[in-house]
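Trainee: Counting from 1, one number per residue, gives the positions in the sequence shown under the UniProt record's numbering.
Here a beta-carbon is modelled for each residue, glycine too, at the ideal position from N, C-alpha and C.
Keep in mind the model is a prediction, meaning the values are calculated, not measured.
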Amino acid sequence: MSGRLLLLIESNTTGTGRLFARRAAQHGVEPVLLCADPGRYPYAAEDGLRTVAVDTADEAALWTAVSELVGEAPVAGVLTSSEYYVPTAAAVAARLGLPGPEAEAVRACRDKAEQRRVLAGAGVGVPGFAVVDEVAGAVVAAAEFGLPVVVKPVQGSGSLGVRLCADAAEVAEHARTLLAATVNERGVAAPRRILVEEYLSGPEFSVEVFGTQAVVTVAKHVGPLPVFVEVGHDVPASLPAESERALRETAVRAVEALGLGWGAAHVELRLESTGAKVIEVNPRLAGGMIPELVRRACGIDLVLAQVLSALGEIPELERGVYARASIRFLTAERDGILTHAGALDETVARARAVPNVVDAVVYRVPGEPVGPAEDFRGRIGHTIAVADHPAPAAEAADRGAALLAEAVSYTHLTATEALA
Ligand SMILES: Nc1ncnc2c1ncn2[C@@H]1O[C@H](COP(=O)(O)OP(=O)(O)OP(=O)(O)O)[C@@H](O)[C@H]1O
Numbered sequence: 001m002s003g004r005l006l007l008l009i010e011s012n013t014t015g016t017g018r019l020f021a022r023r024a025a026q027h028g029v030e031p032v033l034l035c036a037d038p039g040r041y042p043y044a045a046e047d048g049l050r051t052v053a054v055d056t057a058d059e060a061a062l063w064t065a066v067s068e069l070v071g072e073a074p075v076a077g078v079l080t081s082s083e084y085y086v087p088t089a090a091a092v093a094a095r096l097g098l099p100g101p102e103a104e105a106v107r108a109c110r111d112k113a114e115q116r117r118v119l120a121g122a123g124v125g126v127p128g129f130a131v132v133d134e135v136a137g138a139v140v141a142a143a144e145f146g147l148p149v150v151v152k153p154v155q156g157s158g159s160l161g162v163r164l165c166a167d168a169a170e171v172a173e174h175a176r177t178l179l180a181a182t183v184n185e186r187g188v189a190a191p192r193r194i195l196v197e198e199y200l201s202g203p204e205f206s207v208e209v210f211g212t213q214a215v216v217t218v219a220k221h222v223g224p225l226p227v228f229v230e231v232g233h234d235v236p237a238s239l240p241a242e243s244e245r246a247l248r249e250t251a252v253r254a255v256e257a258l259g260l261g262w263g264a265a266h267v268e269l270r271l272e273s274t275g276a277k278v279i280e281v282n283p284r285l286a287g288g289m290i291p292e293l294v295r296r297a298c299g300i301d302l303v304l305a306q307v308l309s310a311l312g313e314i315p316e317l318e319r320g321v322y323a324r325a326s327i328r329f330l331t332a333e334r335d336g337i338l339t340h341a342g343a344l345d346e347t348v349a350r351a352r353a354v355p356n357v358v359d360a361v362v363y364r365v366p367g368e369p370v371g372p373a374e375d376f377r378g379r380i381g382h383t384i385a386v387a388d389h390p391a392p393a394a395e396a397a398d399r400g401a402a403l404l405a406e407a408v409s410y411t412h413l414t415a416t417e418a419l420a
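So, in structure tokens, the structure goes:
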């Protein structure tokens, strides 16, 4: 180790969170995780990651902890893999004179209402939207757009609270639920505003942008309505050149309009008959194992690229399609229970044995109750497959996920009965 530190301010709890620290260590820089609750990240203890417990929502306390680390060794970069802490990490990096995104731009971007206004103002395609702070306003907006509409919080991630509402009663009920929330899922005060949006029904994609360069386009699979759980991705998306161009150009224009353009941005879009429309720009690296799929399909390590950017180095983003990578997430059809340890291990082994499957994993413990997914937290496991062509990769990932599904038992106790 060179003695230099990379400060990681909180992390994402699933997916690529732990890889940020690993890539830093592989690059000869010591990662230090600053977080309010180290117990939230079991991987930190498993990987022997140095951790500093500090209230990261308290600017002064965080700065004191950062200053102590600065006094100890040269701090070479500041980064986070959690969307919730991108503005915090950006502010700390700026205060230390280190590379990072524009703190004000990422703060504004994280407010979906503000983001919509900026994008619409810049002429970037977005769904019709209304920002409301009372139930009656939500119902009026829904009638104006025409039902169904999407009702969602102005902040958040992982599709939490995002719902398709079919009629005025559903709009009112969901708006009431969202407006009643005083804190978000990280326990931070939630704004008392929500978005009502025109429902875009075209196929969904994401464009992974780095700086202002579109690196790769991803095809996304969304589970059963009325919720929007991402249940699979194919990398790269197989698209006609014109659609690919429209998605990439729209994504880059969105990033530029928002004043981003440092490091990774994950831009979600839907392809409508009227063109590519932005669902959301996330000022961070993609979740959902997408960086891992991109690494396997295109040979580009986006996690390493993000770490290098934080350290002020120039990452290699040379494009190439070496393979096709697909992921499918396991979700429960209804309330059920995971089988016992032996059967679970066997199921995972069978999924791993499917030709072209390179990874199969179940995130939960044997005997744990499971239920239908409402958001990303309802995903129980995944399979990743890699092949030379799109169809075999997708089919192998599907087949692996179908085998994993045998780990869920619906014939024994329901989750409610098991807990009673
Ligand atoms: N106006 C819309 N029309 C169609 N689908 C939508 C719309 N808004 C949201 N969605 C769907 O809901 C999903 C989650 O929405 P959104 O990206 O706004 O929430 P999020 O919590 O930030 O999720 P993520 O972290 O996955 O980006 C989208 O990926 C999309 O499938």
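1. Tell me the residue span of the beta strand (DSSP E) that contains Ser326.
2. Run the CB neighbour count on Gln213, radius 10 Å, all protein chains shown included, and call it buried at 16 or more, exposed below.
3. Leaving out five residues before and five after Tyr85 in sequence, what residues of the same chain have Cβ atoms less than 8 Å from its Cβ?
4. In this structure, what does DSSP give as the bridge partners for Pro153?
5. In this structure, how does DSSP classify Phe228 when only helix, strand and coil are distinguished?
6. Can you tell which of Leu7, Asp375 and Arg364 has its C-alpha closest to the C-alpha of Glu185?
7. Using a 10 Å radius around the Cβ and a threshold of 16 neighbouring Cβ atoms, would you call Ala420 buried or exposed?
8. Out of curiosity, what's the CA-to-CA distance linking Ala93 and Gly28?
9. Using a Cβ-Cβ cutoff of less than 7 Å, which residues in the same chain neighbour Tyr199 once the five nearest sequence positions on both sides are dropped?
10. Only counting the same chain, and skipping five residues up and downstream in sequence, which positions put a Cβ closer than 7 Å to that of Ala251?
11. Suppose only complete runs of 4+ residues qualify. What are the alpha helix (DSSP H) ranges in the segment 352-404, listed by chain order?
12. If you drop the 5 nearest sequence neighbours on each side, which residues of the same chain put their C-beta closer than 7 Å to that of Gly125?
13. Please go through the segment 13-81 and give each complete beta strand (DSSP E) segment of 3 or more residues, from N-terminal end onward.
14. Report yes or no: is there a C-beta of chain C within less than 8 Å of the C-beta of Ala351?
15. Tell me which residues share the same chain as Gly146 and place their Cβ nearer than 7 Å to its Cβ, disregarding the 5 neighbours each side in the sequence.
16. Excluding sequence positions up to five away, which residues of its chain have a Cβ less than 6 Å from the Cβ of Ala172?
17. By DSSP, does Glu208 sit in helix, in strand, or in coil?
18. In terms of DSSP beta bridges, what is Leu5 paired with?
19. Examine ligand 1 and report whether any of its heavy atoms sits within less than 7 Å of the Cβ of Arg270.
20. Do you know offhand how far Ala391's Cα is from Ile380's?
21. Taking all protein chains shown into account, do 16 or more other C-beta atoms lie within 10 angstroms of the C-beta of Leu308, making it buried, or fewer, making it exposed?
22. Tell me, please, which residues DSSP counts as bridged to Asn282.
23. Could you give the distance in angstroms between the alpha-carbon of Leu311 and the alpha-carbon of Asp335?
24. With Val222 and His233 assumed to form a contact (beta carbons below 8 Å), what rounded beta-carbon distance in angstroms separates them?
25. Just to confirm, does Ile290 get its C-beta within under 7 Å of one of the non-hydrogen atoms of ligand 2?
26. Taking DSSP as the reference, what is the three-state secondary structure of Val221?
27. Could you work out which residue in Ala168, Arg248 and Val255 is closest to Gly211 when comparing CA atoms only?
Mentor: Based on what the coordinates show:
1. Numbered from 1 along the sequence shown, position 326 holds the residue referred to as residue 326. Segment Arg324 to Leu330, the beta strand (DSSP E) holding Ser326.
2. The residue you call residue 213 lines up with position 213 of the sequence shown. Gln213 is exposed by the Cβ-count criterion.
3. Against the sequence shown, residue 85 aligns to sequence position 85. Excluding residues within five positions, the ones whose Cβ falls inside 8 Å are Ile9, Glu10 and Thr56.
4. Counting from one through the sequence shown, the residue named residue 153 turns up at place 153. According to DSSP, Pro153 bridges with Ile194.
5. Position 228 of the sequence shown, counted from the first residue, corresponds to residue 228. In the three-state DSSP reduction, Phe228 falls in the coil class, being neither helix nor strand.
6. On the sequence shown, position 185 is the one that residue 185 refers to. For the residues Leu7, Asp375 and Arg364, the minimum Cα distance to Glu185 belongs to Asp375.
7. Position 420 of the sequence shown, counted from the first residue, corresponds to residue 420. Low confidence applies to Ala420: its pLDDT is 45, below 50, so where it sits in the model is not reliable enough to give any reading.
8. Working through the sequence shown from its first residue, we reach residue 93 at position 93. Working through the sequence shown from its first residue, we reach residue 28 at position 28. Answer to the nearest angstrom: the Cα atoms are 20 Å apart.
9. Your numbering for residue 199 matches position 199 in the sequence shown. So the list reads Pro148, Val149, Val150 and Leu164, once near-sequence residues are dropped.
10. Position 251 of the sequence shown, counted from the start, is the residue given in the question as residue 251. Taken in chain order, the residues that qualify are Val207, Val209, Ala214, Val267 and Leu269.
11. Complete alpha helix (DSSP H) runs here, min 4: 390-404.
12. Here residue 125 corresponds to residue number 125 of the sequence shown, with the count starting at 1. So the qualifying residues of the chain are Thr250, Gly275, Ala276, Lys277 and Val278.
13. Given a length threshold of 3 residues, each whole run of the beta strand (DSSP E) inside the segment 13-81 is given here in chain order: 30-35, 50-53 and 75-79.
14. Although the question refers to chain C, the structure presented lacks it and comprises just one protein chain.
15. What you label residue 146 is simply residue 146 of the sequence shown in a count that begins at 1. Excluding positions up to five away in sequence, the list is empty.
16. As a first step, residue 172 is located in the sequence shown; it is residue number 172 there, counting from the start. If we look at Ala172 and ignore the five residues flanking it on each side, its Cβ neighbours are Val135 and Val139.
17. The sequence position of residue 208 within the sequence shown is 208, counting from 1. Of the three classes helix, strand and coil, the one that applies to Glu208 here is strand, per DSSP.
18. Here residue 5 refers to the residue found at position 5 of the sequence shown. Glu30 and Val75.
19. Along the sequence shown, read from residue 1 onward, the residue named residue 270 stands at position 270. Yes.
20. Position 391 of the sequence shown holds residue 391. Position 380 of the sequence shown holds residue 380. Near 24 Å, if we compare the C-alpha coordinates of Ile380 and Ala391.
21. By one-based count along the sequence shown, residue 308 stands at place 308. When all chains shown are included, Leu308 counts as buried.
22. Start at 1 with the first residue of the sequence shown, and residue 282 comes out as number 282. In the DSSP output, where bridge partners are listed per residue, Asn282 has His266.
23. Your numbering for residue 311 matches position 311 in the sequence shown. Your numbering for residue 335 matches position 335 in the sequence shown. Those two C-alpha atoms are separated by around 46 Å.
24. Stepping through the sequence shown from its first residue, residue 222 is reached at position 222. Stepping through the sequence shown from its first residue, residue 233 is reached at position 233. Actually they are not in contact, since the Cβ atoms of Val222 and His233 sit about 11 Å apart, beyond 8 Å.
25. Ligands present in the displayed structure are limited to ligand 1, and ligand 2 is not among them.
26. Taking the sequence shown and counting its residues from 1, one reaches residue 221 at position 221. Here residue 221 turns out to be His, not Val, going by the sequence shown. It is a strand residue.
27. Working through the sequence shown from its first residue, we reach residue 211 at position 211. The residue with the shortest Cα to Cα distance from Gly211 is Val255.
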